[in-house]
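Quick note on my numbering: the sequence shown kicks off at 1100 and runs consecutively. For glycine and all other residues, C-beta sits at the position ideal for the given N, C-alpha and C.
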Amino acid sequence: MQDQLQPFLDKGNGDSRNFAPDMAEPKQTDRMEKIVSLCKRRGFIFQSSEIYGGINGFWDYGPLGAELKRNVKEKWWRSMTQDREDVVGLEASIIMHPKIWEASGHTSTFSDPMVDCLLTKKRFRADQIEPQSGTVYKYTGATIKTTGTTVNKPFEALLQKGDHPDRARKVARQFYAQGNAEIPLDQIDLLGEETTPVENSTRYNPENGSLLTDPRPFNLMFKTYVGPIESEDSVAYLRPETAQAIFVQFKNVLDSSRQKVPFGICQIGKAFRNEINPRNYTFRSREFEQMELEFFIKSDEAAAKTPATASNNPGTQANWGWEQWHKYWVDERVKWYESIGLDRNTLDFYWQKKEELAHYAKATVDILYKFPFGTQELEGIAARGNFDLSQHQQFSGKSMEYFDEETKERFVPHVIEPSAGVDRLILALICNAFAEEEVTDEKGNKETRVVMRFHPRIAPVKVGVFPLLKNKPELVKKAMEVRDLLRPHMNVFYDEAGAIGRRYRRQDEAGTPYGITIDFDTLGEKPELKDTVTLRDRDSMKQERMPISELLAFLLSKIR
Ligand code: GAP
């Protein structure tokens, strides 16, 4: 899927070595700007290396973001493996044998077509250049009058309709000055000017009209060297996906876990891609996390020979073919998204067309989320045949066959792969949670309340605990007791600073679903209310009284 918008970033220093966020992007949506600003202000997401001007495509998660991310990964892990009989986990290294990437096809084909601006050297993804129309100004070379030298090099620049021709000439003169700021542009005579009209061309830099290079494949894998010698023999790559480790450990996991096909191996971990245009805030990053499952199944032919018995996991059948397993996993994944607060109506689905599918893939459906900047991919669920295991069998010379005890047959298992991005999901959850609403405070004044409506299961902080007044030791003592009662079971935030209304608002912005206030009734001012507290619901802002003894069970029922 291609995303259409630009990075939503704080200002960088414009460093042209691609370390800084891109400054030349058009207007961002208001909602995204507010979300980005809240994420920084409240400590969800920070730009990586911000004090040095940032580094494009890299992000850090602050205290609330780190909790949110941890909760999401924990829920995924639990639903994918701990709650199931037929999936086990793996935690593999990031740097692996480089042959793996040859076998998987990443060394030869994991690339984007890339073009460079001849003037600024800025790099673009060729398939992301908007078609432009206008007049092309072509030159055969230029003479530098101050030095009397002639450069015989063709160059062209596109003049957009309505622009003055001197604009194209200025771009050409800058090109022939070759970055030498000492040469005054009026001392450059352009040679052999010719003009040609052009329609819908993607050969020119949309920012300045300069000609671009022809598209060249740009491999997205980050390269490094293993050991003390930097040579071709020591090249290794930071993994661009977590999936391949699962394939290469298939046999070890199978032998050690005593699983039977159909079964799956899942993994959560970092992946790295040297994306040409990181964009849309954290949506397309250069370092990100994936949550991937490789679910190994029988080929349709092998499945057809299998009796229709239940597989290791209730509701599924050992003799299902790839279509049933694929559909099953799409349904499972949608149910999971719903369980963490992304309603079905916030999602969309894209079935890749035949011509878009990888040659070995039978079907791929993308689960999309309706981001403020467009409907974009969260997760891809692919039926990948037995391509990956077969490739590793061929490249490693080690058998990847599975022996089926029931049918006494050997085969290389096929695979269904639900592959999700953690960071994209976090961004979706943040966008989904963000709400602004007008409310009336205790004094009758209207104000705007910013509230992050995270599902309690994934909310970074589950409950805020507040003594009504901080200068009343009995209230503080009781509030601390309540905090200590809940803390072993969930993330609790204790806050005694400021008016109670402001403390609620702070937790609304953090997305804390519940607030507990310890007041004088808790201490027994009204004897019938002794040892009860007020429990505030973040979304309705309603408060009810609840005995302290019931708090833990109530909160656990909401966050599990
Ligand atoms: N093993 C299959 C695979 O890696 P993919 O569609 O390239 O498939 C899977 O990636 C998921 O990883 C995507 O749906 C997305 O959520 C996430 N992802 C991929 N590239 C990303 C990037 N540059 N930044 C953030 N997330 C990314």
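Query: Measuring CA to CA, which of Pro-1587, Asn-1590, Val-1560, Glu-1595 is closest to Lys-1571?; Result: Glu-1595
Query: Rounding to the nearest angstrom, what Cα-Cα distance links Ala-1519 and Gln-1146 in this structure?; Result: 22 Å
Query: Measuring only the C-alpha atoms, how far is Thr-1248 from Asn-1379?; Result: 45 Å
Query: How many angstroms separate the CA atom of Asp-1465 from the CA atom of Ala-1481?; Result: 8 Å
Query: So, does the segment 1274 to 1291 touch the segment 1165 to 1180, judging by three or more C-beta pairs under 8 Å?; Result: no
Query: Quick check: Asp-1185 and Gln-1343, are their CB atoms within less than 8 Å of each other?; Result: no
Query: Quick check on this structure: which residue in Thr-1242, Gly-1479, Arg-1523, Asn-1351 has the alpha carbon closest to the alpha carbon of Pro-1471?; Result: Arg-1523
Query: For Val-1564, which residues does DSSP report across the bridge?; Result: Tyr-1593, Ile-1615
Query: What are the start and end residues of each continuous alpha helix (DSSP H) run of 4 or more residues lying completely inside the segment 1326 to 1354, in chain order?; Result: 1342 to 1347
Query: On the DSSP bridge assignment, give the partners of Cys-1365 in chain order.; Result: Gly-1188, Leu-1392
Query: Assess, as a yes-or-no matter, whether the segment 1271 to 1288 is touched by the segment 1313 to 1325 under the definition of 3 or more beta carbon pairs within less than 8 Å.; Result: no
Query: Leaving out the 5 sequence neighbours to the left and right, which residues in its chain are closer than 6 Å to Arg-1509 when beta-carbon positions are compared?; Result: Glu-1500, Phe-1502
Query: Under 8 Å: do the segment 1211 to 1227 and the segment 1302 to 1316 share three or more Cβ pairs, one atom per stretch?; Result: yes
Query: With H, G and I counted as helix, E and B as strand and the rest as coil, what does DSSP make of Ser-1232?; Result: strand
Query: Out of curiosity, what's the CA-to-CA distance linking Leu-1622 and Asp-1630?; Result: 6 Å
Query: Would you identify the three-state DSSP class for Trp-1419, choosing helix, strand or coil?; Result: coil
Query: Count the other CB atoms, across all protein chains shown, that sit within 10 Å of the CB of Arg-1586; report buried if there are 16 or more and exposed otherwise.; Result: exposed
Query: Measuring alpha carbon to alpha carbon, tell me which residue in Trp-1421, Tyr-1427, Ser-1495 is nearest Pro-1413.; Result: Tyr-1427
Query: Rounded to whole angstroms, what is the Cα-Cα separation between Asp-1203 and Ile-1134?; Result: Reading off the sequence shown, one finds Ser at residue 1203, where the question assumed Asp. Rounded to the nearest angstrom, the two C-alpha atoms are 38 Å apart.
Query: Please identify the residue among Leu-1528, Glu-1541, Asp-1211 whose C-alpha is closest to the C-alpha of Val-1550.; Result: Leu-1528
Query: Taking Ser-1384 as the reference, give the member of Phe-1371, Met-1320, Arg-1552 with the closest Cα.; Result: Phe-1371
Query: Can you look up Gln-1358 in the DSSP assignment and give me helix, strand or coil?; Result: coil
Query: Grouping DSSP H, G and I as helix and E and B as strand, with all else coil, what is Asn-1299?; Result: strand
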